[in-house]
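**Q** Numbering of the sequence shown is given in the UniProt record's numbering, commencing with residue 1 and proceeding in unit increments. Have a look at this one.
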Amino acid sequence: MELGCRLKRKKNFRRTTYSSDIYYPNLIKGMKLNAPSVIWQSDITYIRVGEKFYYAVFIIDVYTKKIVGYQVSDHMRAIANVKVLRMALKSKKAPEIHHLDRGSQYIYNEYINLLKDKSFKMSMAKTAQDNAYAERINRTIKNDYIEHWKPKSFEQLKQMVKKALNQYNTVRSYNNIGKISPMQFENRFWMKSAFHPKSITIFNNEINV
Numbered sequence: 001m002e003l004g005c006r007l008k009r010k011k012n013f014r015r016t017t018y019s020s021d022i023y024y025p026n027l028i029k030g031m032k033l034n035a036p037s038v039i040w041q042s043d044i045t046y047i048r049v050g051e052k053f054y055y056a057v058f059i060i061d062v063y064t065k066k067i068v069g070y071q072v073s074d075h076m077r078a079i080a081n082v083k084v085l086r087m088a089l090k091s092k093k094a095p096e097i098h099h100l101d102r103g104s105q106y107i108y109n110e111y112i113n114l115l116k117d118k119s120f121k122m123s124m125a126k127t128a129q130d131n132a133y134a135e136r137i138n139r140t141i142k143n144d145y146i147e148h149w150k151p152k153s154f155e156q157l158k159q160m161v162k163k164a165l166n167q168y169n170t171v172r173s174y175n176n177i178g179k180i181s182p183m184q185f186e187n188r189f190w191m192k193s194a195f196h197p198k199s200i201t202i203f204n205n206e207i208n209v
C-alpha cells in the first residue's frame with residue numbers, strides 16, 4: 001500500500017549547510033523501499049537557547065522513520081557528524097545508501113572513510129526537498145518537543161533532545177506506518193509472519209509514504 005504526501009520546508013533563518021565542491025549523485029530518486037537499513041538520511045539543524053545557538057545532527061532510517069543516531073554540540077565541526085554515524089552503526093546494520101545534503105561536514109575524510117569501510121553508497125541532495133525525511137525530523141524534534149520544553153542551558157538541551165528522541169522513537173505514532181511508533185514498526189517488520197510490509201517510493205521533490 002502506498003500513500004502520498006508532499007513535505008513543505010519551513011524557512012530556516014540560520015545557515016547550517018556550507019556546500020562543498022565535492023558532489024555525489026542523488027541515488028534515491030525513484031527508489032522503492034520495502035525494508036529497514038536501505039536508506040539513511042542525515043542533516044544538521046540549529047537550536048537556539050537564549051542568545052546562543054547549538055547544533056543537532058540526526059540520522060533517520062527512511063523506511064521505519066526511526067532516528068538511529070544523534071549528537072548535540074556547540075559547534076558545526078565534522079567530528080559531530082562522525083560521532084552520530086558511529087552511534088548509528090553500533091546498533092544497526094549499515095544501510096545500502098547514506099543520503100546527505102551537500103554540507104562540507106559530510107565530505108570530511110574520516111566520515112568518507114567510515115562510509116567506505118562499511119561499503120555504503122553515498123548519495124547527495126541538490127535541494128532541501130531531496131533530503132525531506134531528515135528535514136522533517138529536524139522540524140519535529142525542534143517544534144514538537146524542544147520549543148515546548150524550553151531548555152535554559154546546553155546541558156538541559158542535551159537532556160531534552162535525548163528525551164525527545166526516546167519519545168519520538170517509542171511513543172509517537174504515524175498514520176503511514178500503521179498508526180504505531182517507529183520502534184514498533186521496526187519490531188513488527190522482523191516478525192515476518194505477522195507483518196505485511198508497506199512500500200515507500202521516493203520521487204523527485206515529492207515523497208510517497
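Ideal Cβ placement from N, Cα and C applies to all residues, glycine included. Note that this is a predicted model, so its numbers are computed, not measured.
If you draw a straight line from the C-alpha of residue 52 to the C-alpha of residue 191, how long is it?
**A** 45 Å
**Q** With three or more C-beta pairs closer than 8 Å as the rule, is the stretch 140-151 touching the stretch 109-123?
**A** no
**Q** Mark residue 22 as exposed unless 16 or more other C-beta atoms lie within 10 angstroms of its C-beta, in which case mark it buried.
**A** exposed
**Q** Once you ignore the five residues that flank residue 55 on each side, which residues in its own chain have a CB closer than 8 Å to its CB?
**A** So the qualifying residues of the chain are 16, 44, 45, 46, 47, 72, 73, 74, 75, 76 and 80.
**Q** Rounded to a whole number of angstroms, what is the C-alpha to C-alpha distance between residue 63 and residue 174?
**A** Approximately 12 Å between the Cα atoms of the pair.
**Q** Please report the distance separating the alpha-carbon of residue 83 from that of residue 59.
**A** 11 Å
**Q** In three-state DSSP terms, what is residue 43?
**A** strand
**Q** Could you check which residue in 136, 98 and 176 has the C-alpha nearest to that of residue 119?
**A** The shortest Cα separation from residue 119 among 136, 98 and 176 belongs to 98.
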